[in-house]
Structure formats: C-alpha cells, structure tokens
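Chemist: According to our numbering, the stretch in the sequence shown is residues 1 to 459, in order.
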Amino acid sequence: MILTKEEQHKRMLETPMPRLVLSLAIPTTCIQLISTIYNTADTYFVSQIDTSATAAVGVVFSLMSLIQAVGMGCGMGAGSLISRCLGAKKDKDACRYASSAVAAALAFGVLLMILGTIFLQPLMKLLGSTDTMLPYSCSYGQYILAAAPIMCASFVLNNILRSEGEAVLAMVGLCSGGILNMILDPIFIFSLNMGISGAAMATCISQLISFLILIFVFVQNKSIVQLGIRHVSRSPQDYLLIFRTGLPTICRQGLASLASALMNIQAAAFGDAAVAAITISNKIYLLVRNIILGIGQGFQPVAGYNYGAKNNLRVRQAFLFATRLGTVICTTAAVLLALHASVVIAWFRHDDAEVIRIGTQALYFVCMVMPFMAYSTYVNQIYQCLGFSKPATFLACCRQGVCFLPLVFLLPVTLGLVGVEMVQPGSDLLTFFIALPFQIHFFRHQLPVASSTADNLQS
C-alpha cells in the first residue's frame with residue numbers, strides 16, 4: 001500500500017520505535033543480503049573454475065567497492081538530506097536533492113567506466129592481481145566497468161526510496177536483480193562456457209534489471225519524491241552539500257576498495273591460495289556486516305525524520321534499538337561460524353586443502369571481534385544521517401583507514417600470513433573503542449532529553 005505524504009509523515013513520527021525500525025530494517029536488510037549473496041554466489045561459481053579465478057574475484061571486488069563509493073556516497077548524501085527535508089515538510093527541496101544526486105551519480109559512473117576501460121590492465125595490477133590472476137581479473141573487470149553508470153544510479157535510487165520510508169519498494173528493485181544474477185551465473189559460466197566473463201555479464205544484466213525496476217517506481221509516480229530534469233540543480237552548493245553529507249560513505253567505501261587491494265597485495269606474497277582464502281573469509285564476514293548495515297539503513301531515515309521534527313527522544317530510541325538488535329545478531333553469527341568454520345570455507349574450495357586451512361584460521365579471527373561490529377557501525381551512521389559530516393567522516397575512515405592502514409603494513413611483516421588474517425579483525429576492534437566516546441558525547445551534547453526521560457530510556 002502506498003501512503004500519502006501526510007500518512008507517511010505521521011507513521012515516521014508516531015509509530016512505536018521497534019515496529020517502525022523493523023518495518024524499514026527488514027526490507028533494507030533483505031537488500032543487503034541479496035546483494036551479498038549474489039556477490040558471494042559469483043565467488044562460489046567462479047571458485048569451481050580454479051584457485052586463481054577465485055582470487056581474481058577478490059581483486060575485482062576492490063573495483064566494485066570503488067563504484068559503490070560513488071553511488072552510495074551520492075545516495076546516502078541525498079538520502080540524509082531528503083529524510084530531514086521530508087520531516088520538516090520541505091518537499092521541493094527533497095525533489096531537488098534527489099534529481100541532482102541521480103545526475104551526479106550517472107556522470108561519475110560514466111567517468112569511471114571510461115578511465116577504467118582505458119587503463120584496465122594497470123588498474124587490475126594496482127588492485128593486487130598477479131600474472132596468473134590477470135587474465136581472469138581483466139575479463140571480469142571489463143564488464144563491471146561497463147555497468148558502472150547503471151550501478152551508481154541504482155544505489156542512488158535505492159537510497160531515495162529508503163529515505164522517504166519506502167524500503168519495500170527499494171527492496172523489490174534491488175532484490176529482483178540479485179536473484180536474477182544467481183540464476184544467470186551458472187548458465188553463463190558453465191552452460192554457455194563463458195567462464196569468469198559469464199559471471200561478470202550476469203552481474204551487468206542483473207544491475208540493469210534492478211535499475212529499470214527502480215526507475216519505473218519514479219516514472220509511475222509511486223514515490224513521494226519526484227525525479228525530473230527540471231529538478232536538477234544548477235547550484236554548485238547543492239552538489240557540495242550532497243557530497244559533504246555523503247562523504248563518510250564515500251570515504252568508507254573508497255577505503256574499502258583501498259583496503260581490499262592492500263590485503264590482496266599482502267596475501268599475494270603467500271600465493272594465490274592465500275588470496276583466495278582471504279577473499280572467501282571476507283565474503284562471509286561481509287554477509288554478516290551487510291545484515292548490520294541493512295538494520296542501520298532502516299533506522300537512519302527514522303532518525304533523520306525525527307531529528308528534522310526535533311524529537312530527540314525518538315532518535316535515541318532508534319539508535320538503541322538498532323544497536324541491541326545488531327549486537328545479538330552479530331554474536332549469534334560469530335558463534336555459529338566459529339563452530340563450522342572449516343565446513344563453510346570448504347563449501348567454496350573443497351579440493352584445495354591450503355585454501356581451507358588459511359580461510360578457516362582467518363574466519364576464527366573474524367568471529368572473535370564480530371560482536372563489537374554493530375555498535376561502531378551505528379555510531380558512525382547516526383552522525384552521518386543527522387548531518388554531522390566531519391565526525392562521521394572520521395569514524396567512517398577508522399575501520400579501513402585510520403586503524404587499518406598501520407596494521408596492514410605492520411602485522412604481515414611481524415606475524416607473516418597470520419598477520420594478514422588479523423588485519424581487518426584488529427582494525428574492527430580498535431574502531432569499536434574509538435566509537436565509544438563519540439557516542440557518549442553525541443547523546444549528551446547533540447541529543448539532550450529531560451533527565452527523567454533519559455533514565456527511563458536507558459532502563
């Protein structure tokens with residue numbers, strides 16, 4: 001059922017918090033899960049080719065993170081502005097930010113496609129591809145680059161729908177493409193004998209279908225926010241504001257690309273099996289992390305709406321509910337994965353004992369820090385969705401920048417391959433401790449409520 005503007009406004013400001021956050025978090029979590037599952041499915045089907053092909057998927061993942069940095073940066077920046085505008089009943093401003101973000105994402109996507117295609121081989125080597133991986137990574141990467149404009153625009157359209165509280169419509173668009181990707185993978189890779197190029201082509205087609213479904217929602221006027229050339233801003237200030245608000249996401253995703261490339265380079269010193277094992281372990285970790293991101297993306301528009309309406313109590317409630325739910329999920333996942341680590345890794349490369357050994361040990365380290373992941377993620381997200389871009393950008397840079405970069409150069413030198421396995425978990429643990437004072441300060445100084453109310457909330 002499509003709600004009117006007034007009904008949606010009332011829903012976001014008055015619905016009991018657990019029910020409201022869950023109603024938005026379930027569709028966004030499904031989006032994240034489908035996105036990760038079809039990405040993991042690529043890894044699974046490609047892993048049936050050989051170990052070098054599996055490692056190449058990890059290399060191209062760095063490129064996909066770069067594309068996501070552009071699309072999600074524009075999308076999250078516009079989404080934060082849109083939700084606050086809608087909360088304050090400034091609908092025209094919301095339409096302007098939405099249309100401008102889509103235009104910017106398409107332009108950046110085209111630029112990435114052109115430059116990436118021209119410098120394809122040097123780019124793949126820069127991202128950590130060895131000579132044995134290079135033919136696979138180039139074959140995969142050229143198709144991903146061709147889809148870059150569509151991928152960037154789809155992320156923006158998805159975030160626009162989420163920002164206005166229409167998470168279900170966003171879910172339908174992205175999940176349809178993801179499911180199609182999983183169906184096409186084995187057909188293109190094996191039935192049509194296209195190898196790793198088939199996996200990339202399946203991804204391109206699925207991204208196009210997702211884009212068409214999402215844009216259809218706007219064309220049919222099923223969204224509150226309207227898109228159109230007439231709404232595209234000519235003011236550099238609007239684009240600067242979208243960019244500044246989305247900067248934490250751009251930094252987070254951009255650093256994810258850099259971190260992935262550095263991990264590939266460090267792991268490559270220990271052979272293709274090490275790169276493949278780290279890639280598989282990271283894909284599994286990403287599956288859990290994306291569940292957490294999905295819940296966070298459910299609470300962000302709620303926080304934005306209520307902050308725009310000056311209801312600090314409900315903003316606090318949204319954060320605390322999301323954090324408790326996310327921590328329970330992370331802890332449960334950590335226990336289950338630790339108990340079945342070798343079985344999970346073997347599901348990808350059952351005939352390579354070295355990949356299983358390295359991947360199992362890497363997954364153990366991941367499970368040790370997984371329970372801390374939700375809290376630090378949501379501290380970053382609440383700063384971003386409420387427009388505090390400087391601290392949000394710093395926090396976004398911690399996990400795969402400020403904390404990660406020293407560890408990725410120090411640990412492999414001192415501990416060898418074990419050090420490579422410990423880099424991301426170590427960075428996540430440090431990020432948790434950094435987030436603690438930020439959250440305490442934010443609640444005290446930016447989200448004050450009456451002391452008696454705050455005591456009841458904490459209890």
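Beta carbons: idealized from backbone N, C-alpha and C, even for Gly.
By Cβ distance, which residues of its chain are closer than 7 Å to Gln300, with the 5 residues on each side in sequence left out?
Modeler: For the purposes of this step, residue 300 is taken as the residue at position 300 of the sequence shown. Result list for Gln300: Gln381, Cys385, in chain order.
Chemist: Cα separation between Gln424 and Asp352?
Modeler: As a first step, residue 424 must be located in the sequence shown, where it is residue number 424. As a first step, residue 352 must be located in the sequence shown, where it is residue number 352. Approximately 24 Å between the Cα atoms of the pair.
Chemist: Starting from the C-beta of Met17, find all residues in its chain whose C-beta is less than 8 Å away, skip the five residues before and the five after it, and write them out in chain order.
Modeler: On the sequence shown, position 17 is the one that residue 17 refers to. Val302, Arg314, Gln317, Ala318, Phe321, listed in sequence order.
Chemist: Please name the residue, chosen from Gly304, Ala392, Ala41, that lies closest to Ile250 on a Cα-to-Cα basis.
Modeler: Working through the sequence shown from its first residue, we reach residue 250 at position 250. For the residues Gly304, Ala392, Ala41, the minimum Cα distance to Ile250 belongs to Ala392.
Chemist: Output the distance between the C-alpha atoms of Lys90 and Gly308, rounded to the nearest integer angstrom.
Modeler: In the sequence shown, the residue the question calls residue 90 occupies position 90. In the sequence shown, the residue the question calls residue 308 occupies position 308. Answer to the nearest angstrom: the Cα atoms are 10 Å apart.
Chemist: Would you kindly work out how many angstroms separate the C-alpha atoms of Thr132 and Ser233, rounded to a whole number?
Modeler: Translated into the one-based positions of the sequence shown, residue 132 becomes position 132. Translated into the one-based positions of the sequence shown, residue 233 becomes position 233. In a straight line, the C-alpha of Thr132 is about 47 Å away from that of Ser233.
Chemist: Between the C-alpha atoms of Leu410 and Phe216, what's the straight-line distance to the nearest angstrom?
Modeler: In the sequence shown, residue 410 corresponds to position 410, counting from 1. In the sequence shown, residue 216 corresponds to position 216, counting from 1. If I take the Cα positions, the gap works out to 49 Å.
Chemist: Determine the DSSP secondary structure at Thr15, reduced to helix, strand or coil.
Modeler: Translated into positions along the sequence shown, residue 15 becomes position 15. Of the three classes helix, strand and coil, the one that applies to Thr15 here is coil, per DSSP.
Chemist: Would DSSP call Ser223 helix, strand or coil?
Modeler: As a position in the sequence shown, residue 223 is number 223, starting the count at 1. Three-state DSSP puts Ser223 in coil, outside helix and strand.
Chemist: Tell me where the alpha helix (DSSP H) around Ser376 begins and ends.
Modeler: As a working mapping, residue 376 is identified with position 376 in the sequence shown. Looking at the DSSP string, the run of the alpha helix (DSSP H) that includes Ser376 is 373-385.
Chemist: Which residue's Cα is closest to the Cα of Leu66: Cys152, Ala88, Ile49, Phe119?
Modeler: Locating residue 66 in the sequence shown gives position 66, counting from the first residue. The option with the nearest alpha carbon to Leu66 is Cys152.
Chemist: Considering only residues of the region 128-174, which uninterrupted alpha helix (DSSP H) runs meet the minimum length of 4 residues and lie entirely inside it, listed in chain order?
Modeler: Counting whole runs of 4 or more residues, the region 128-174 contains the alpha helix (DSSP H) stretches 134-146, 148-163.
Chemist: Within a Cβ cutoff of 7 Å, which residues of the same chain sit near Ser214, ignoring the five residues on either side of it in sequence?
Modeler: As a first step, residue 214 is located in the sequence shown; it is residue number 214 there, counting from the start. Note on identity: in this sequence residue 214 is Leu, with Ser being the wrong assignment. Result list for Leu214: Ser154, Leu157, Asn158, Gly173, in chain order.
Chemist: Assign Ala105 to one of three DSSP states: helix, strand, or coil.
Modeler: Translated into the one-based positions of the sequence shown, residue 105 becomes position 105. Reduced to three states, the DSSP call for Ala105 is helix.
Chemist: Is the beta carbon of Cys204 closer than 8 Å to that of Ala147?
Modeler: Residue mapping note: residue 147 aligns to position 147 of the sequence shown, counting from 1. Residue mapping note: residue 204 aligns to position 204 of the sequence shown, counting from 1. Contact flag set, yes.
Chemist: Ser206 to Ser23, Cα distance in whole Å?
Modeler: Sequence index remark: in the sequence shown, residue 206 carries index 206 (1-based). Sequence index remark: in the sequence shown, residue 23 carries index 23 (1-based). Looking at the two C-alpha atoms, the distance is approximately 26 Å.
Chemist: Counting only the same chain and skipping the five closest in sequence on each side, list residues whose C-beta sits under 6 Å from that of Ala259.
Modeler: Taking the first residue of the sequence shown as position 1, residue 259 is located at position 259. Excluding sequence neighbours, Ala259 sits near Gln400, Phe404.
Chemist: Measure the C-alpha to C-alpha separation of Arg244 and Arg84 and round it to an integer number of angstroms.
Modeler: In the sequence shown, counting from the first residue as 1, residue 244 sits at position 244. In the sequence shown, counting from the first residue as 1, residue 84 sits at position 84. Looking at the two C-alpha atoms, the distance is approximately 15 Å.
Chemist: Could you round the C-beta distance between Phe432 and Phe365 to whole angstroms and report it? I think they count as a contact, below 8 Å.
Modeler: Mapped onto the sequence shown, residue 432 falls at position 432. Mapped onto the sequence shown, residue 365 falls at position 365. Actually they do not touch by this definition, with Cβ atoms about 15 Å apart.
Chemist: Judging by CA-CA distance, which residue of Lys310, Leu111, Gly58 is the nearest neighbour of Met12?
Modeler: As a first step, residue 12 is located in the sequence shown; it is residue number 12 there, counting from the start. The shortest Cα separation from Met12 among Lys310, Leu111, Gly58 belongs to Lys310.
Chemist: How would you call Thr36, buried or exposed, if buried means at least 16 neighbouring beta carbons within 10 angstroms?
Modeler: One-based indexing of the sequence shown puts residue 36 at position 36. Thr36 is buried by the Cβ-count criterion.
Chemist: Is there contact here, the region 253-268 with the region 53-72, by at least three beta-carbon pairs under 8 Å?
Modeler: Short answer: they touch.
Chemist: Would you give the residue range spanned by the alpha helix (DSSP H) that Arg357 belongs to?
Modeler: As a position in the sequence shown, residue 357 is number 357, starting the count at 1. Arg357 -> alpha helix (DSSP H) spans 353-369.
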